[in-house]
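In the UniProt record's numbering, the protein residues as written are 1 to 262.
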């Protein structure tokens, strides 16, 4: 790859993302400067699990410019037990680093349905699903795609991360992705909570919050696609299908989930 060549990257679901040498270029939005303020703060306080803002953060076309983080996205391959504990530790360090961040007075954050679940008490990544986690040697080291970052309820962020990274999905998805059995995936939720050092009172609430988040996510998929009684063709029907079935699976296995977190 030549230094000037732009290579499209996967994962930019809403905006085009390309790599040029050691930087990543993304279409900017009204929230980009606020996200850059957060990323600069994280770097200043020593958190290395995020990209750096390059220069003033924009190229000659007004696109966001961040450093490229080398590594792999393992999704849909499941995490090892050691790795998911490490993910909990990574998120704990992120939240500790973000705790001293003071957003600019004119801060703008991207709209995201998860902000309405609970009461925002931290600034989080808000999309740390496995497709946005960079790993090396099978262990998570950094988070990418920060455009959804912003205020969020801590437990909501943890619920979102646990749901997607322990892959608490229905049996057909588990078979397709060659996931471990239900008991093993529930154990990974506990290991994630252990890595985060989540206190007992919050552990008791995490199980239900995971189910709540999954249900809200499935509903949001319907809203985003503008589905009405007259809709005949749904472009992302699989997104609705797997999330809805995940909610049903979680309800059937709620007792096992809550036991795992004790």
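Where a beta carbon is used, it is the ideal one built from N, C-alpha and C, also for glycine. Keep in mind that this is a model prediction, so the values were computed, not measured.
Three-state secondary structure (DSSP) at residue i?
i, result
"residue 1", "Any reading at residue 1 must be qualified, since the residue scores a pLDDT of 47, below 50, and its modelled position is unreliable; the value itself is stated next. Here residue 1 sits in coil by DSSP."
"residue 58", "strand"
"residue 143", "strand"
"residue 100", "coil"
"residue 49", "coil"
"residue 108", "coil"
"residue 273", "There is simply no residue 273 to check, as the chain begins at 1 and stops at 262 in what is shown."
"residue 80", "coil"
"residue 201", "helix"
"residue 180", "coil"
"residue 24", "strand"
"residue 133", "strand"
Express the C-alpha separation of residue j and residue i in angstroms, rounding to a whole number.
i, j, result
"residue 204", "residue 233", "41 Å"
"residue 208", "residue 191", "17 Å"
"residue 161", "residue 222", "21 Å"
"residue 139", "residue 117", "29 Å"
"residue 244", "residue 78", "21 Å"
"residue 258", "residue 7", "44 Å"
Is the Cβ-Cβ distance between residue i and residue j less than 9 Å?
i, j, result
"residue 64", "residue 41", "no"
"residue 32", "residue 57", "yes"
"residue 120", "residue 152", "yes"
"residue 141", "residue 34", "no"
"residue 133", "residue 165", "yes"
"residue 49", "residue 94", "yes"
In the DSSP assignment, find the unbroken alpha helix (DSSP H) run with residue i in it and report its ends.
i, result
"residue 237", "237 to 252"
"residue 73", "Unbroken run through residue 73: none, as it is neither H nor E."
"residue 161", "154 to 165"
On a CA-only basis, which of the options is nearest residue i? Give me that one, please.
i, options, result
"residue 286", "24, 29 and 96", "Examination of residue 286 is not possible in this model, given that the chain is present from 1 through 262 alone."
"residue 27", "151, 176, 94 and 146", "146"
"residue 100", "240, 43 and 85", "43"
"residue 155", "90, 148, 124 and 180", "124"
"residue 253", "240, 176, 82 and 171", "171"
"residue 249", "34, 227 and 212", "212"
Quick one: give me the first and last residue of the beta strand (DSSP E) that residue i is part of.
i, result
"residue 39", "No beta strand (DSSP E) contains residue 39, which is instead part of the alpha helix (DSSP H) from 32 to 44."
"residue 20", "17 to 20"
"residue 67", "64 to 67"
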